[in-house]
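The structure appears right after this line, and notes come after that.
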Amino acid sequence: MKGIKFDFTNMFYPNIEKGIKYDEINQYKDKIANIINEIFKEKPGFIKLLEDTKYIDKILDLQEWIQSFDSFVVLGIGGSALGNIALQTTLNPLNYNYANNRKTPKIFIVDNVDPDFVASVLDQIDPHTTLFNVISKSGTTAEAMSNYLIARGIVDSYGLDPKKHIIFTTDPEKGILREIAKNEGIETLDIPPEVGGRFSVLTPVGLLSALAGGIDIIDLLNGAKAMLEKVSNNNIFENPSALNALLHFLYYNKGYNISVMMPYSNKLFLLADWYRQLWAESLGKKYNIHGEEVNVGQTPVKALGATDQHSQVQLYNEGPDDKIVTFLKLEKFERDIKIPKLHENYSALAYLGGKTLSELLNTELFGTEYALTEHGKPNMKVIFPEINAFNVGQFFFAYEFQTAVMGKLLEIDAYDQPGVELGKKVTYALMGREGYEEFANEVKNKNETKEKFII
Ligand code: PA5
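In terms of this note's numbering, the sequence shown opens at residue 336 and continues consecutively.
This is the structure:
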């Protein structure tokens, strides 16, 4: 199959002294086959959406309109932003917003309520030629809603028609955004109700801004579909997502609590940010599906090669046996730069002259991989022959499926996130949301009566 490949060589014994043995995998063969069958039978939303063309058809109908703006601004957070960011940084040039030959709108993704950040985006846009895409499945998230109110305030104060400058992406029936849309006739795209935020990159959540930025969303979905076919194979040795989940699970049981994703490519870097949310929020759970307290989860960490060789790799090589490193390797860079042959009388410089930067970067990747293996640290690679929408679609789906398998192995619900609720509730209460008055008092009292230690 064309597309990305998974290299598990350095996850196994004897390449890694404490590595996983093939026998251990064999023992799980039937269990994994059952898990795969179960997932396909249950068909979670992220699988089901690939069979439904109605979402994509509606987005494509909007192509001309959304690409007619100078700026396209996404207002969302978490699963309603991280996929969008990953798509833009991976599939568009790194200087996309500043490129002279850009034929599609500038893309801004506002996924925080840091006033310096929000103001800096607002400084760069002209409201007359901007489309705001407010993305929130629940339609209640404080960050997305406050940024919507700011955008709406600007649209109104410029006397612009909100129907021409705002588009919502939200639940097909529930929530405030849906209500406003109905009342005011604002264009709205549906988020399939059965797809959770962090699994929603291939729904209108991620696809609309991707299309606005000129990304080939059909190819992206084709990549995901090709991977769906690949991971439907219930032979663990032929199923990269299932094998990767099982390896992470077996290492986790041996105390490897950290999963590092380290792309050796700036363009691939923010795929690791998307992965970080998917792995953390899906698998970090207090209770298992039997209601027992388990407090499980593997901490995902992102690092960038070669930059973080000079920051993290000392720890990865010589620190505790608690990490699995996944490299993202890019074989063919879009552009390359030849290092000039200068100062050839200095041996510390002469060897670099005439080589390319991509050659240097991938040699450094090999060096890190080699060193980790020599230090007995498990590591693996996802290999991108090149960056294109098809390969990125494959990557998204492979990791979504891997997360579903890992959830089954850990016997937890990979699709909920009860642990983020309390913090949200405190924000609502302290910001004065109606119905939270009593809770606000409780929080304030608890905080005031706490023994303080401030130096
Ligand atoms: O994965 C998730 O469910 C979360 O990260 C949500 O995407 C995030 O909290 C934003 O939620 P909403 O889209 O409802 O605003």
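All C-beta atoms, glycine included, are put in the ideal place defined by N, C-alpha and C.
Neighbourhood of residue 515 by C-beta distance below 8 Å, restricted to the same chain and skipping five residues each side:
503 and 521
My output table needs one value for residue 357: the three-state DSSP class, helix, strand or coil.
The three-state secondary structure of residue 357, taken from DSSP, is helix.
Let me check you understand the geometry: is the CB of residue 769 closer than 7 Å to at least one non-hydrogen atom of the ligand PA5?
no
Is residue 533 near the ligand PA5, in the sense that its beta carbon is under 7 Å from a heavy atom of that ligand?
Yes, the beta carbon of residue 533 sits closer than 7 Å to at least one heavy atom of the ligand PA5.
Whether residue 390 touches residue 538 by CB criterion (8 Å)
yes
Neighbour-count burial assignment, residue 544, 16 or more Cβ in a 10 Å radius:
buried
Residue closest to residue 627, alpha-carbon to alpha-carbon, out of 354, 645, 745 and 409
745
Residue 460 in three-state terms, based on DSSP:
coil
Nearest neighbour of residue 404, chosen from 531, 548 and 528 [CA to CA]
548
If I'm right that residue 304 touches residue 689 with Cβ under 8 Å, what's the distance once you round it to whole angstroms?
Outside the displayed span of the chain (336 to 790) sits residue 304, for which this structure offers no information.
Considering only their Cβ atoms, is the gap separating residue 580 from residue 741 smaller than 8 Å?
yes
Any non-hydrogen atom of the ligand PA5 closer than 7 Å to residue 654 Cβ
Flag unset: Cβ of residue 654 not near the ligand PA5.
Residue ranges of each beta strand (DSSP E) within the stretch 530-611, 3 or longer
Listed in chain order, they are 593-598.
Local conformation of residue 439 per DSSP, three classes
coil
Going by other Cβ atoms of all chains shown within 10 Å of its Cβ, with 16 needed for buried, is residue 490 buried or exposed?
buried
What residue does the alpha helix (DSSP H) around residue 734 start on, and which one ends it?
724-745
Would you list, in sequence order, the uninterrupted alpha helix (DSSP H) runs of no fewer than 4 residues that lie entirely inside the stretch 363-424?
Taking only runs of at least 4 residues, the alpha helix (DSSP H) segments lying wholly in the stretch 363-424 are 364-377, 380-383, 389-396 and 398-401.
Within 8 Å, strictly: CB atoms of residue 485 and residue 446
In this structure, residue 485 lies away from residue 446, with their beta-carbon atoms at least 8 Å apart.
In three-state DSSP terms, what is residue 750?
coil
Please classify residue 651 as buried or exposed, where buried requires at least 16 neighbouring CB atoms within 10 angstroms.
buried
Since residue 701 is in the alpha helix (DSSP H), which residue starts that stretch and which ends it?
692-709
Helix, strand or coil, according to DSSP, for residue 350 in the structure here?
coil
Based on the DSSP output, what are the partners of residue 778 in its beta bridges?
DSSP lists no partner for residue 778.
Does the separation of the CB atoms of residue 487 and residue 501 fall below 8 Å?
yes
Would you tell me roughly how many angstroms separate the C-alpha atoms of residue 424 and residue 430, rounded to the nearest one?
CA-to-CA, the gap between residue 424 and residue 430 works out to about 9 Å.
Verify whether the separation of the beta carbon atoms of residue 558 and residue 739 is less than 8 Å.
no
Out of 770, 593, 417 and 678, point me to the one whose CA is closest to residue 713's CA.
593
Residue 502 - partner residues in DSSP beta bridges:
Bridge partners of residue 502: 468.
Does any heavy atom of the ligand PA5 sit closer than 7 Å to the C-beta of residue 509?
no
Tell me the rounded alpha-carbon separation between residue 569 and residue 463.
Roughly 53 Å between the two C-alpha positions.
Would you please state the rounded distance, in angstroms, between the beta carbons of residue 590 and residue 615? I believe it to be under 8 Å.
At roughly 18 Å, the Cβ-Cβ gap does not stay under 8 Å, so residue 590 and residue 615 are not in contact.
Use the C-beta contact count for residue 533: other C-beta atoms within 10 angstroms, 16 or more gives buried, fewer gives exposed.
buried
Would the beta-carbon of residue 580 be found less than 7 Å away from any heavy atom of the ligand PA5?
no
Do residue 474 and residue 524 have their beta-carbon atoms positioned less than 8 Å apart in this structure?
no
Which partner residues does residue 715 have in the DSSP bridge list?
661
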